[in-house]
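Visitor: Position in the sequence shown (first residue = 1) + 972 = this note's numbering. Built from N, CA and C at the ideal position, the CB exists for glycine as well. Being a predicted model, the structure only gives us computed values, none of them experimental. First the structure, which I've put down as structure tokens, then a few questions once you've had a look.
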Amino acid sequence: MNNPSSTPPSSGTSSWGQVLGSAVVAAIGFGFAVYRYIQFSGAASGIRLSRLERPIYRLAGKWGLIVIFLIMGIWGAYATLKHFRQLKK
């Protein structure tokens, strides 16, 4: 049952994969926030929202959708810094 060779890493350790993954999340969040801002301001043609974005857009409007992507980017940047600092310890 308890195989010591397959124990998960402790919560205090990080890997370069976690740093890279959270950096990708931050880039996607900030990128989509900028893209949607340009799209909603009229500089881009036509609004085409994904299946995930449609209910958020209906509930919160265009600024709510942009804020959600900004929060995603901020969280990704925070997680990147956190993992990087743990990796350097």
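(1) How is residue 1022 classed by DSSP in three states: helix, strand or coil?
(2) Between which residues of its own chain and residue 1051 is the CB-CB distance below 6 Å, once the five residues before and five after are set aside?
(3) For residue 1048, which residues in the same chain have their Cβ closer than 6 Å to its Cβ, ignoring the five residues on either side in sequence?
(4) In this structure, how does DSSP classify residue 1001 when only helix, strand and coil are distinguished?
(5) With DSSP run on the structure shown, which of helix, strand or coil describes residue 994?
(6) Assuming contact is defined by CB atoms lying nearer than 8 Å, are residue 1025 and residue 1042 in contact in what I supplied?
Guide: Let me lay it out:
(1) coil
(2) 994
(3) 994, 997, 998 and 1001
(4) helix
(5) helix
(6) no
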